[in-house]
Every structure is written in C-alpha cells, then in structure tokens.
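**Student:** Let me give you the structure first, and then I'll get to my questions.
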Amino acid sequence: MTDQHANARPVAPAAARVAALEALLVERGVITSDAVDAVVDVFEHEVGPQNGARVVARAWMDPGYRARLLADGTAAIAELGIGGAEGENMRVVENTDDVHNVVVCTLCSCYPWPVLGIPPVWYKSAPYRSRMVREPRAVLAEMGLDVPVRKDIRVWDSSAHVRYLVLPERPPGTDGLAEDALAALVTRDCMIGVAVPVLAP
Amino acid sequence: MDGIHDMGGMEGFGPVVTEADELPFHEPWEGRVHGVMLAYATKRGIANFRSRIETMGNDYYLASPYYEHWLHAVEDACVEHGDVQRGEVEARAAAGAVTVPRGRSDPDHAEMLRSIFRPFKGTRDPAPEGARFRAGDRVRVVRTVTHAHNRVPRYVRGVAGIVESVAGGAPLEEGPAYGDVMAVYHVEFAATALWGDGAERGATVIVDVYEKYLEPAS
Numbered sequence: 309m310t311d312q313h314a315n316a317r318p319v320a321p322a323a324a325r326v327a328a329l330e331a332l333l334v335e336r337g338v339i340t341s342d343a344v345d346a347v348v349d350v351f352e353h354e355v356g357p358q359n360g361a362r363v364v365a366r367a368w369m370d371p372g373y374r375a376r377l378l379a380d381g382t383a384a385i386a387e388l389g390i391g392g393a394e395g396e397n398m399r400v401v402e403n404t405d406d407v408h409n410v411v412v413c414t415l416c417s418c419y420p421w422p423v424l425g426i427p428p429v430w431y432k433s434a435p436y437r438s439r440m441v442r443e444p445r446a447v448l449a450e451m452g453l454d455v456p457v458r459k460d461i462r463v464w465d466s467s468a469h470v471r472y473l474v475l476p477e478r479p480p481g482t483d484g485l486a487e488d489a490l491a492a493l494v495t496r497d498c499m500i501g502v503a504v505p506v507l508a509p
Numbered sequence: 029m030d031g032i033h034d035m036g037g038m039e040g041f042g043p044v045v046t047e048a049d050e051l052p053f054h055e056p057w058e059g060r061v062h063g064v065m066l067a068y069a070t071k072r073g074i075a076n077f078r079s080r081i082e083t084m085g086n087d088y089y090l091a092s093p094y095y096e097h098w099l100h101a102v103e104d105a106c107v108e109h110g111d112v113q114r115g116e117v118e119a120r121a122a123a124g125a126v127t128v129p130r131g132r133s134d135p136d137h138a139e140m141l142r143s144i145f146r147p148f149k150g151t152r153d154p155a156p157e158g159a160r161f162r163a164g165d166r167v168r169v170v171r172t173v174t175h176a177h178n179r180v181p182r183y184v185r186g187v188a189g190i191v192e193s194v195a196g197g198a199p200l201e202e203g204p205a206y207g208d209v210m211a212v213y214h215v216e217f218a219a220t221a222l223w224g225d226g227a228e229r230g231a232t233v234i235v236d237v238y239e240k241y242l243e244p245a246s
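Chains as they are written, first to last, in the numbering used here: chain A, 309 to 509; chain B, 29 to 246.
What follows is the structure, encoded as structure tokens:
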C-alpha cells in the first residue's frame, strides 16, 4: 500500500488539485463552498494568538485564575469563551525562575488551535520537529532566546490528545499595565516557548 | 508506521527558518485545503487522517509542503468513500483552470463548522477507571509497535522515564482505526536517558504516552 501511494505522486500543483477536489465535491453535493469559506474565515479572523494572549494576561492579573488555569486548562480557558477543536484537552505549563517550557510535536503538527490559531510553518518543519527534543537550548538560542543556564528546559512533545500552552513569566516593569496592555506583550512565540515577553522600550 | 514523519532526534535538516509576520495561510489554496478537510470530515468523516499522511511515501512527504500532506489525506479519504475516483482530481486539475461552482450554499453546515471553534467541553477528558500507573511511577516504553499507524515516537522506545502525571484518557489512534479510551501519561525522560552523555544539561523531554506502550521499570 505504501509503495502504491508513493508511486501515485501527483504532477499538478497542489493549488490546482485542491480546486479540482473542491469542485468535484461541490458538484456532487457533498460539501458547499460557503462551508469551506467559514473555516478559512475563522482562522483568518477569529482564532489566533490574540486568544492565548488574553488567557496569559488574565493569569498574570488574577492569581485565582492562574491556579485554575494550571489545574485544568480546558475549563479555565473556556471561562474566557475560548475553546473548541484541538483545544479539548489543554495543559498549561508555567515558566518560572527555574524552568523554561517549550512545545513541539515531533510526529505531526499538534497545536492548540483555539488559543494559537494555525501553527507557523517553522513549527511544522523538519528542523524544528527533529531538533527541539534533542538540543532545545541550542535551537532556542538560534531562534533568538538565550535561556539562562540556571533554568532547566522542559520540552513537551504533544504526541497524544493533550495540547499545550506555555504561560510565560510576567516581565518586570509591567505592574501598572492594564490587562489588554499586558496581552499585547504576549506573542505566539512566547506561548509556544521559543520567546519570552519583553516590555517594549 | 516508522516513517519519515517520526522526526524526533533526527539530524541533517538544517536550521529552523522562521518568517516575520506570518499569515495563517500563505496562499489561498492552503486555506481551501484546511476548509475542505473540515467540511468533508464533518460530512463524511475522515478516519485515519494521520495514517493517510504517513503512507504518502517518505520522499513525497519531504518534498511537499505541509498542506499538500493534508490534501493527499483528504483526497485519499474521498476516494475511499467513493466520492471521487483515484486519479480524477489529478485529471481535472491538469485539464485547465478549475472553476468551483458558487451557486450552492449550506448555512447550517457553515455555522456548525464555526461552532467547533467555540468551547464545547467543560473540562479535560479523565483517564478511565483502573489506570495502571500513577505520578512518580518509573516506566519504560515498549519496543514492539504496530507496523500501521502508532503514536509512540522512536526516540523514546526502550527508554525509561517517570510518570509526571496522568494526562487523562483518549481513544488510542493506532493501526486502521481508533480504539477504546485508554489512559495517557505525561512521561518525563531525562535528556541523558534519550541522547547519552552528549545530551544538553538540564533538559527534560515530556512525551504523552498511551498506557499500551508502557511497562513498569525498576
């Protein structure tokens, strides 16, 4: 079976093939294009790292929320109206003075859609998937994050049903900031664990 | 299947290349693949999505972008359901510019697809009764796995680790189908246990391992 598939490698570009597949399925009454449009619209306009940033900012502001978030990510994230497909079983892992967390999926591309949206290409790429479990400190340094030697690095390989969100440390000098200003400091990369939030100068 | 998709620990792929201000979909066709996948999956069901990707062939997998893997899997499922014939998509694509008919709509399906991105679960899925291991238990990953799809990376097989906690329960995705709900564990592996003396200091890898793939370790 494997060899048959390998031999059936298509020639037409993927863009033309997906148009052909969508056309065939629409013509045969299996799906409609407005359903496909809805999915594209959700990922382009509704779900994305802005959702995860709200979760992180709330956790920084509210110790009770932070405790609930670490105990049951799914339930606490749902408190903010966020959740759904690929976020059904959320584990939130907290960076501390001693520990830095980072997330990878070595087998495929598991990623928490409701809080982070579509994974970036590098997250799905062979270099990241192969190297992060083997030389995390080196990879993080290459990506611009020098993790202090005093910190242990914990790499979470999401190989089953759980999806991960890194809760970064709140940067110093942000005591007076409101929740939405805090959320603006939290990037996608901070919540994957390949960056940390910084207060813009 | 021990295919190229199981990349943990491999060398030779080069540096991680990032991109500033990356959009969710780089080109419209990528979004169409994602949308067709979910639209089709919620109409007909797409069993074995990952397994279908893994059987596309190692060389094709490496030579094609991520969403082409998805396209391969969706097309494969459509063929299996009988909604398209093998080779039909390729022939249609090769015949010239394709126009997707825009006349039909299905507002209920579109709304259902939007709704799956809203919270529908109150809490994480618990482990089933009688989970075999507990936090702190020392376990070893088995070496024997199916030739069909499995969820246990090669780099942890035969390696001992510690159960950090019970990760809950999930149907085991293995072989040609999903099985019963099984306990899943967050298992911690010291970097030195995985990579030997040359491992980075102070690194731990936590892998989510289904109970079936674990045995007690002394």
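From the three backbone atoms N, C-alpha and C, an ideal C-beta is built for every residue, glycine too.
Are the beta-carbon atoms belonging to residue 145/B and residue 393/A less than 9 Å from one another?
**Tutor:** yes
**Student:** In this structure, does DSSP put residue 314/A in helix, strand or coil?
**Tutor:** Any reading at residue 314/A is ruled out, since the residue's pLDDT is 46, under 50, leaving its predicted position unreliable.
**Student:** Near residue 314/A, which residues of its chain fall below 6 Å by C-beta distance, leaving aside the five closest residues on each side in sequence?
**Tutor:** Note that residue 314/A scores a pLDDT of 46, beneath 50, so its modelled location is shaky and nothing firm can be said.
**Student:** Would you call residue 219/B buried or exposed, if buried means 16 or more other Cβ atoms sit within 10 Å of its Cβ?
**Tutor:** Buried is the call here.
**Student:** Using the beta-carbon count (16 or more within 10 Å), is residue 148/B buried or exposed?
**Tutor:** exposed
**Student:** Could you tell me whether the Cβ of residue 232/B comes closer than 9 Å to any Cβ of chain A?
**Tutor:** yes
**Student:** Alpha carbon to alpha carbon, how far is residue 453/A from residue 48/B?
**Tutor:** 16 Å
**Student:** What alpha helix (DSSP H) runs, 4 residues minimum, are completely inside the region 168-246 of chain B?
**Tutor:** The region 168-246 of chain B contains these whole alpha helix (DSSP H) runs: 219-223.
**Student:** DSSP on residue 33/B, reduced to helix/strand/coil?
**Tutor:** In the structure shown, residue 33/B adopts coil according to DSSP, grouped into three states.
**Student:** In whole angstroms, what is the alpha-carbon distance linking residue 383/A and residue 389/A?
**Tutor:** Their Cα atoms are separated by approximately 10 Å.
**Student:** Whole angstroms are fine: how far does the CA of residue 366/A sit from the CA of residue 496/A?
**Tutor:** 16 Å
**Student:** How should residue 86/B be labelled, buried or exposed, when 16 other C-beta atoms within 10 angstroms of its C-beta is the threshold for buried?
**Tutor:** exposed
**Student:** Restricting to runs no shorter than 4 residues, where is the alpha helix (DSSP H) found entirely within the region 359-429 of chain A?
**Tutor:** 371-379, 381-387, 421-424
**Student:** With a threshold of 9 Å between beta-carbons, can residue 495/A be considered close to chain B, or not?
**Tutor:** no
**Student:** Looking only at DSSP bridge pairs, what is residue 461/A linked to?
**Tutor:** 408/A, 231/B
**Student:** Whole angstroms is fine: what's the gap from residue 29/B's alpha carbon to residue 468/A's?
**Tutor:** 16 Å
**Student:** Alpha carbon to alpha carbon, how far is residue 156/B from residue 324/A? Give it in angstroms, no decimals.
**Tutor:** Straight-line spacing of the CA atoms in residue 324/A and residue 156/B works out to 45 Å.
**Student:** Is it a yes or a no for the region 180-193 of chain B touching the region 233-241 of chain B, going by three-plus beta-carbon pairs under 8 Å?
**Tutor:** Counting Cβ pairs under 8 Å, three or more are found: they touch.
**Student:** Got a sec? Which residues, its chain only, sit under 7 Å from residue 177/B by beta carbon, not counting five neighbours each side?
**Tutor:** 29, 76, 78, 79, 82, 201, 202, 203
**Student:** Please report the straight-line C-alpha distance between residue 466/A and residue 414/A, rounded to a whole angstrom.
**Tutor:** 8 Å
**Student:** Spatial neighbours of residue 242/B within its chain, please: C-beta separation below 6 Å, excluding the five flanking residues on both sides.
**Tutor:** 167
**Student:** Quick check on the DSSP output: the beta strand (DSSP E) that includes residue 471/A runs from which residue to which?
**Tutor:** Note, residue 471/A: beta strand (DSSP E), 471-475.
**Student:** Helix, strand or coil for residue 166/B per DSSP?
**Tutor:** strand
**Student:** State yes or no: is the beta carbon of residue 207/B nearer than 9 Å to at least one beta carbon in chain A?
**Tutor:** No, its Cβ sits nowhere closer than 9 Å to a Cβ of chain A.
**Student:** Would you mind giving the Cβ-Cβ distance between residue 498/A and residue 476/A, rounded to the nearest angstrom? I have them listed as a contact below 8 Å.
**Tutor:** 5 Å
**Student:** Who are the Cβ neighbours of residue 107/B in its own chain at under 6 Å, not counting the five residues just before and after it?
**Tutor:** 114
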